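Worksheet: the structure to be examined is printed underneath.
Numbering (the numbering used here), first residue to last: 8 to 236.
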């Protein structure tokens, strides 16, 4: 089942532009988006989420599709000492000031699912990098149990926390049926966890299974210059 289609999309944003990007996302995909710095990876993610306008082309999403988003970094102002639970509650899309019983149960369920229920009253800023990422993923899962977008979620994590995060994402994809699109600089993790690699450098260089990417000319060039490979 196709959830999202990107047809010849071009975007101009600051000095980063993407041109004629085309690919599709199927239910159950784990797509790692890779490329050099400034190649347009974050621009593409934000465009797919509707946070940036397209210059041309078309993005088609399955009707009623809800998405969860884990940005590179969540800015929390010092004068807003949000707790972990308050951050997760932000995933509930409602104009009402108070959550319903079902919504409160969903927040708790996702915090338990991510192993952070004991952190619910702690300040988000006081948490470790790995704990903060789990809070942000719980927030994203509260927004959607279907599609998860992540923008370099491993940035700043130590090796143990990074391995823990990779195992968590694989479990969500393989065992819970989540469709995942993730921007990553960790090529070793990308080729071992993804079902498809989307390599972009302003435009699509490659889209397909990791084993085909490894054998492709652009994959050999990119992996050869990647310290993470």
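Built from N, CA and C at the ideal position, the CB exists for glycine as well.
Keep in mind that this is a model prediction, so the values were computed, not measured.
Span separating the alpha-carbon of residue i from that of residue j
i	j	result
residue 123	residue 224	43 Å
residue 237	residue 25	In this structure the chain extends from 8 to 236, so residue 237 is not present and cannot be described.
residue 16	residue 211	11 Å
residue 92	residue 146	9 Å
residue 79	residue 108	31 Å
residue 203	residue 229	16 Å
residue 115	residue 141	13 Å
residue 214	residue 68	19 Å
residue 194	residue 170	14 Å
residue 40	residue 9	18 Å
residue 201	residue 173	10 Å
residue 46	residue 205	12 Å
residue 139	residue 127	11 Å
residue 32	residue 179	17 Å
residue 208	residue 143	28 Å
residue 35	residue 185	6 Å
residue 218	residue 197	11 Å
residue 43	residue 176	23 Å
residue 199	residue 181	13 Å
residue 235	residue 162	The pLDDT assigned to residue 235 is 44, lower than 50, so where the model puts this residue is not dependable; a value taken from the coordinates is nonetheless given after this. Roughly 13 Å separates the two Cα atoms.
residue 23	residue 88	34 Å
residue 29	residue 60	16 Å
Backbone secondary structure at residue i - three-state DSSP
i	result
residue 182	coil
residue 123	coil
residue 159	coil
residue 41	strand
residue 235	Confidence is the limiting factor: at residue 235 the pLDDT is only 44, short of 50, which leaves the residue's position unreliable, though a coordinate-based value still follows. If DSSP states are grouped into helix, strand and coil, residue 235 belongs with coil.
residue 35	coil
residue 113	helix
residue 64	strand
residue 107	coil
residue 150	helix
residue 47	coil
residue 99	coil
residue 24	strand
residue 135	coil
residue 172	helix
residue 19	strand
Under 9 Å between C-beta atoms of residue i and residue j
i	j	result
residue 190	residue 48	yes
residue 113	residue 99	yes
residue 66	residue 54	yes
residue 57	residue 27	no
Interface flag, residue i vs chain D, CB-CB below 9 Å
i	result
residue 113	Looking at the structure shown, chain D is missing, and only one protein chain is on hand.
Rounded Cβ spacing between residue i and residue j (contact assumed at less than 8 Å)
i	j	result
residue 75	residue 156	7 Å
residue 77	residue 160	6 Å
residue 72	residue 117	19 Å between Cβ atoms; not a contact.
residue 158	residue 52	5 Å
Closer than 8 Å: residue i CB and nearest the ligand ADP heavy atom
i	result
residue 53	The ligand ADP is not part of this structure, which contains no ligands at all.
Identity of the residues DSSP links to residue i by a beta bridge
i	result
residue 204	39, 215
residue 223	DSSP, once it has assigned bridges, lists no residue as partnering residue 223.
residue 12	31, 67
residue 75	155
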